[in-house]
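Notes to accompany the following structure.
In the numbering used here, the protein residues as written are 206 to 809.
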C-alpha cells in the first residue's frame, strides 16, 4: 500500500481528537490563550453546554492582522522558540485554534492597543477566510459555534448539555483559583451567571470565592521548600472533607494539572485522618525550575512528569502533615453549623381559645413559659434521675487547679475545663470563648493509636522468623527494587534477601501481623516500588493493625469518668498531634463559639 501525505484539514481533525475532547477542552485552551495574552478580565459565554456556542472575550494584548493569519495555522505560536526545556506559558503547542477550526465554526476578532482598527477571520470545518478589517475593542473575542459539526461521530460521545456546562464551570473554577488577579465571568442561556471578581494578591479570598466561605475558616497555610521545589497553598483540616476529589486543586508553575502523583500524595498525607470514601479539600501550588518538569506529556497538558517524582511526593506529604500537626486538630466550623441547625428552637404558640378578653401578661398565649409548664428535658421531673450522680460543677470556683490562673500569664488550654459528661460518652467542656463537646471513645482511641505509632517509629518492629524461608518468584527488576529497600523493610520486621536472579527469600515477617501471606505482601510492595519508588504498604498495614488495637483498648462509650479523668483527657488531646480526628477520620470534638450560643438566644 502506497504512503501518501494527509490533507491539512484531516491532520487538524486528528489533532482535534487529542486536544479538543469536549467543549470544556476548547474552553480551557481559549482561556489559557487569554491569560498568556495578559488579560485581567475574561468573560465566557456558552449555549447548549458549549456545543452550540462558546465565546471567550478578553482584554489582553490582542493580535495584529499578520499574527492572526498565523494563529489559525497549525504549530504557529509566539510562546516558545526552539526549545521545550524552558516553558513558562500555559500554551505552547500552537494546535488549539486550528484544531477547533477544523471541527467547528470559528471566528476571531482582535485588536492591539496600538492599532486604530481590529482584524477578524473565520474558519469553518478547516476552511479559513482571509483576514479582514473589523471594529473591535482592545483584546480578543473568540467565538466557537456548532462544535464537532464537521465530525458528527464525535457528537455521539458528548454528554448531556447540563453535564458539559458543568465541565466548563469546573475549568473556569480551576483557572480562577490559579489566577486571583484576573476577573472571570461565566454566563449563558444554559446556566446561571458565575462571577469571580479579582482579589489581587489575596489568594485565600479567591479560594473562598470558588470553594466556599467555609474554606477560609478551615484551611491551614502551607509553605515548604526542598531541593529547589517550593510548595505553597492551603490544606483543609481533616474534618472538613468532601465526598469526591473535585475540590483538590493542584498547580505546577501556575498551570492547573490533574496529576495522579499529586493526588496520591494528598491522599497519603491525610491517611488515618479522613474516613474511607471521603476526600480532603486542598489547593496546592508547586513552583520549580521548568527544566525539572515535562508539561509536554499529552496534548491536553493536564498531565505532567517530574524529573524527581519522589522529591515532589515527599514534599507534599511532609508539608501537609506538618501543617496538620501545627493547626489541623481544630474542629471544622461546619460541625458548629450543623449543631446550630440542630438547636433551632420551635416556638410554643398555643391556640387562644374562648371569647375575646382584655390582654393581660398572665393570660397572653405568647407569655414566656416556665420550665415546669414545658415538656422539656430541663423540667424537674426529667432531671430527677440525674440527682444520684455527682456531676462536675459549672462554678468558676470549682475549676481544676491547673486551670486556675497562677502568677504570671495564664496557661492556654484550647479545649477548656470539663463541666459535664452526657450519656456516659460525651464530655462538655467550657473554653475561654465557647464550649466543646468531646466524644471520649473517639478521642482516647486516637491518643492510644498515636502512642502505638510513635513506638513503631522509635524502634525496630519485632519480627518472627519463618521456620522455612518462603521463596517468592518475581521479575528481575522487581527483585532489584526490593533488595535496594531491604534495610528499610528490616526495620519494619520484614527480612528479605536475594535468591537467584528472579526471586527473593522471605526469612522474617512482622510479629504484629501474626500469620501473613508473605508472598502477597512482597508482591504488593514490589508493585508500590514500581509505581511510586516508595513502599508504604507494610508501614500502612502495621499502622492499620495498631489502629485496630487502639480501638479495642481505648475508653469505651458508656464509662463514667471523674472530673480529673475528663480534664486529663482534654490535656492529652491538646498535646497530641492529630487528636482532632479518630483513627477512622471522624471528628473527636465539636466546638461552639460563645457568639454562636448567643445567636441561638437572640442576644446578638
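Cβ atoms here follow ideal geometry from the backbone N, Cα and C, with glycine treated the same way.
CB contact flag (residue i, residue j, <8 Å)
i	j	result
residue 683	residue 735	yes
residue 343	residue 264	yes
residue 732	residue 708	no
residue 713	residue 648	no
residue 400	residue 390	yes
residue 269	residue 320	yes
residue 363	residue 227	yes
residue 293	residue 461	no
residue 795	residue 639	no
residue 425	residue 470	no
residue 624	residue 793	no
residue 345	residue 313	yes
residue 498	residue 457	yes
residue 232	residue 347	no
residue 267	residue 315	yes
residue 350	residue 310	yes
residue 325	residue 339	yes
residue 251	residue 393	yes
residue 358	residue 307	no
residue 710	residue 673	no
residue 253	residue 432	no
residue 488	residue 380	no
residue 331	residue 257	no
residue 240	residue 275	no
residue 480	residue 255	no
Residue i, DSSP secondary structure in three states
i	result
residue 210	coil
residue 694	helix
residue 491	strand
residue 508	coil
residue 768	helix
residue 804	helix
residue 700	strand
residue 225	coil
residue 722	coil
residue 645	helix
residue 295	coil
residue 829	In the structure displayed, the chain extends from 206 to 809; residue 829 sits before or after that span and is not available.
residue 215	helix
residue 283	coil
residue 735	helix
residue 278	coil
residue 553	At residue 553, the pLDDT of 41 sits below 50, so the modelled position is not reliable; the number obtained from the coordinates is stated separately. Reduced to three states, the DSSP call for residue 553 is coil.
residue 480	coil
residue 810	Nothing about residue 810 can be read from this structure; the chain reaches only from 206 to 809.
residue 686	helix
residue 656	helix
residue 320	coil
Presumed contact (8 Å Cβ cut-off) between residue i and residue j, rounded CB distance
i	j	result
residue 771	residue 642	Rounded, the Cβ-Cβ distance is 12 Å, inconsistent with contact.
residue 427	residue 445	At roughly 15 Å, the Cβ-Cβ gap does not stay under 8 Å, so residue 427 and residue 445 are not in contact.
residue 847	residue 698	Past the boundaries of the shown model lies residue 847; the chain is included only from 206 to 809, so the question cannot be answered.
residue 246	residue 388	5 Å
residue 524	residue 436	5 Å
residue 491	residue 434	6 Å
residue 532	residue 629	Contact flag wrong, Cβ pair sits at about 31 Å.
residue 403	residue 453	So it is not a contact: roughly 24 Å between Cβ atoms.
residue 509	residue 464	6 Å
Residues that residue i bridges to, as DSSP identifies them
i	result
residue 622	635
residue 798	639
residue 675	711
residue 312	327 and 348
residue 475	Paired residues: none, contrary to the question.
residue 461	456
residue 497	DSSP output for residue 497 lists no bridge partner at all.
residue 786	792
residue 670	713
residue 627	631
Minimum Cβ-Cβ distance from residue i to chain D less than 8 Å
i	result
residue 521	This model lacks chain D altogether; it includes just one protein chain.
Beta strand (DSSP E) segments (min. 3 residues) lying fully within the stretch 423-450: 424-431 and 434-441
Length at least 3, wholly inside the stretch 325-413: the beta strand (DSSP E) runs in chain order: 337-339, 344-350, 388-393 and 399-401
Ranges of the beta strand (DSSP E) found wholly within the stretch 222-272, counting only runs of at least 3: 246-252 and 258-263
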